[in-house]
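Okay, so here's the structure we're looking at.
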Amino acid sequence: MNFNPSRDFACQLDTQDELASFRSQFVIPDPNLIYLDGNSLGRLPKAAAERVS
Numbered sequence: 000m001n002f003n004p005s006r007d008f009a010c011q012l013d014t015q016d017e018l019a020s021f022r023s024q025f026v027i028p029d030p031n032l033i034y035l036d037g038n039s040l041g042r043l044p045k046a047a048a049e050r051v052s
């Protein structure tokens, strides 16, 4: 597979992502926001948010 920096290619790769189903397990308040944080545990799991509530 050759890399292509286009949005179409990125979307094609997303459809093949075996881990994509895990996305629904996290709190994502703004789906258009790119989450880049090198000093973080990552996005908040929905299960953790429910336990704290």
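For the sequence shown, position 38 matches number 37 in numbering that gives the first Met the number 0, and the numbering has no gaps at all. Glycine residues also receive a C-beta, built at the ideal position from the N, C-alpha and C atoms. Note that the structure is predicted; figures quoted are calculated from it, not measured.
On the DSSP letters alone, give me the boundaries of the alpha helix (DSSP H) that residue i sits inside.
i	result
V51	K45 to V51
Classify residue i as helix, strand or coil using the three-state DSSP reduction.
i	result
F21	helix
F2	coil
L12	helix
D7	helix
With distance defined between alpha-carbon atoms, name the residue in the options nearest to residue i.
i	options	result
K45	S52, F25, L32 and M0	F25
Y41	L12, E49 and I27	A quick correction: the sequence has Gly, not Tyr, at residue 41. Measuring from the Cα of G41, the nearest candidate turns out to be I27.
S23	L43, F2 and M0	L43
Closer than 7 Å by C-beta to residue i: which residues in its own chain qualify, once you throw out the five before and the five after it? Chain order, please.
i	result
I33	none
F2	none
Excluding five sequence neighbours on each side, which residues of the same chain lie with their C-beta closer than 6 Å to the C-beta of residue i?
i	result
D36	none
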